[in-house]
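In the UniProt record's numbering, the protein residues as written are 1 to 173.
In structure tokens, the structure reads:
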């Protein structure tokens, strides 16, 4: 199994049964390392050098977060800004993201139909998180899948477990 770094960012985890259930999976499996950015960096002072070094130790990445005000959580955005290094783009530099598998898991309280051109918000979730997608693409990461869990705050325990199983199946493909 691939050594996987889970970059998790949820400013209100205590209010999210869906995310809590999903991250419990990572903690129980040795091939996954969970990095809870809001727990590790509550002061928003990111140890960028340490994080860059850590990235090189993994074969695969999962970015998991809730949609916050129609984008990525602020600490995740800051983490990307400070950790992703433009030097990696130079031909003679090692790019620790190049060719690595990336999965993105987004939870949102909104309905799926609300996130469409005709819906309430007029944008898809992929469009709203395009900064992350473009950043990963620029660094030549291999985005394998973007899974969106709609109405995450309304899901029953059984529905959350179904989403978890679906995501685990994606990872095992």
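Beta carbons are placed, not taken as given, at the ideal position from N, Cα and C, and that holds for glycine.
Boundaries of the beta strand (DSSP E) in which residue i is found, first to last residue
i           : result
residue 78  : Where residue 78 is concerned, there is no enclosing beta strand (DSSP E), although the alpha helix (DSSP H) it sits in stretches over 74-83.
residue 167 : Looking at the DSSP string, residue 167 is not in any beta strand (DSSP E); the run it does join, the alpha helix (DSSP H), is 157-171.
residue 64  : 60-66
residue 144 : 142-149
residue 4   : 4-8
residue 118 : Looking at the DSSP string, residue 118 is not in any beta strand (DSSP E), and its letter there is neither H nor E.
residue 103 : 101-107
Residue i vs residue j beta-carbon contact at 8 Å
i           : j           : result
residue 76  : residue 61  : no
residue 137 : residue 124 : no
residue 142 : residue 100 : yes
residue 102 : residue 144 : yes
residue 139 : residue 97  : yes
residue 81  : residue 3   : no
residue 73  : residue 10  : yes
Given residue i as reference, the closest of the options once Cα atoms are compared
i           : options         : result
residue 55  : 114, 70, 5      : 5
residue 135 : 106, 79, 9, 1   : 79
residue 180 : 133, 144, 164   : An answer regarding residue 180 cannot be provided, because it is not within the stretch 1 to 173 covered by the chain.
residue 146 : 163, 159, 157   : 163
residue 12  : 35, 120, 39, 89 : 39
residue 158 : 171, 52, 22     : 22
residue 170 : 89, 104, 121    : 104
The alpha helix (DSSP H) enclosing residue i, as first and last residue numbers
i           : result
residue 37  : 37-40
residue 51  : 48-55
residue 133 : 130-138
Per-residue burial, residue i [other beta carbons within 10 Å of its own, 16 or more giving buried]
i           : result
residue 95  : buried
residue 161 : exposed
residue 20  : exposed
residue 63  : buried
residue 8   : buried
residue 118 : exposed
residue 106 : buried
residue 18  : buried
residue 49  : exposed
residue 37  : buried
residue 67  : buried
residue 91  : exposed
residue 51  : buried
task: Say whether the segment 79-88 touches the segment 18-28, bearing in mind that this needs 3 or more beta-carbon pairs closer than 8 Å, one atom from each stretch.
output: no
field: Stretch pair the segment 111-131 + the segment 146-156: three plus CB contacts closer than 8 Å
entry: yes
- prompt: Within the chosen definition, does the segment 39-48 reach the segment 125-139 through at least 3 CB pairs nearer than 8 Å?
  reply: no
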